[in-house]
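Residue numbers (this note's numbering): 626 to 697.
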């Protein structure tokens, strides 16, 4: 599916209220780690191509942020 084929008509426009609550999030430095991952999980990420490590990093970040919000 191309960008043009995606239906975004149900997404409301960003208004002043959105920007009043928006936070600038700058990326922090990366740290190399070694972690054991189930084979089927690493296989799936590697099938995604050259961006597999970046995708794993983003998935972990989203998970951590979601759970950080829950604990507040």
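Using N, Cα and C, we set each Cβ at its ideal position, and we do this for glycine too.
When only Cα atoms are considered, residue 688 and residue 658 end up about 17 angstroms apart. Between residue 670 and residue 685, the C-beta spacing is not below 8 angstroms. Straight-line measurement puts the Cα of residue 635 at about 15 angstroms from the Cα of residue 628. Non-local beta-carbon contacts of residue 677 in its own chain, meaning distances under 7 angstroms to residues more than five positions away in sequence, involve 670, 671 in chain order.
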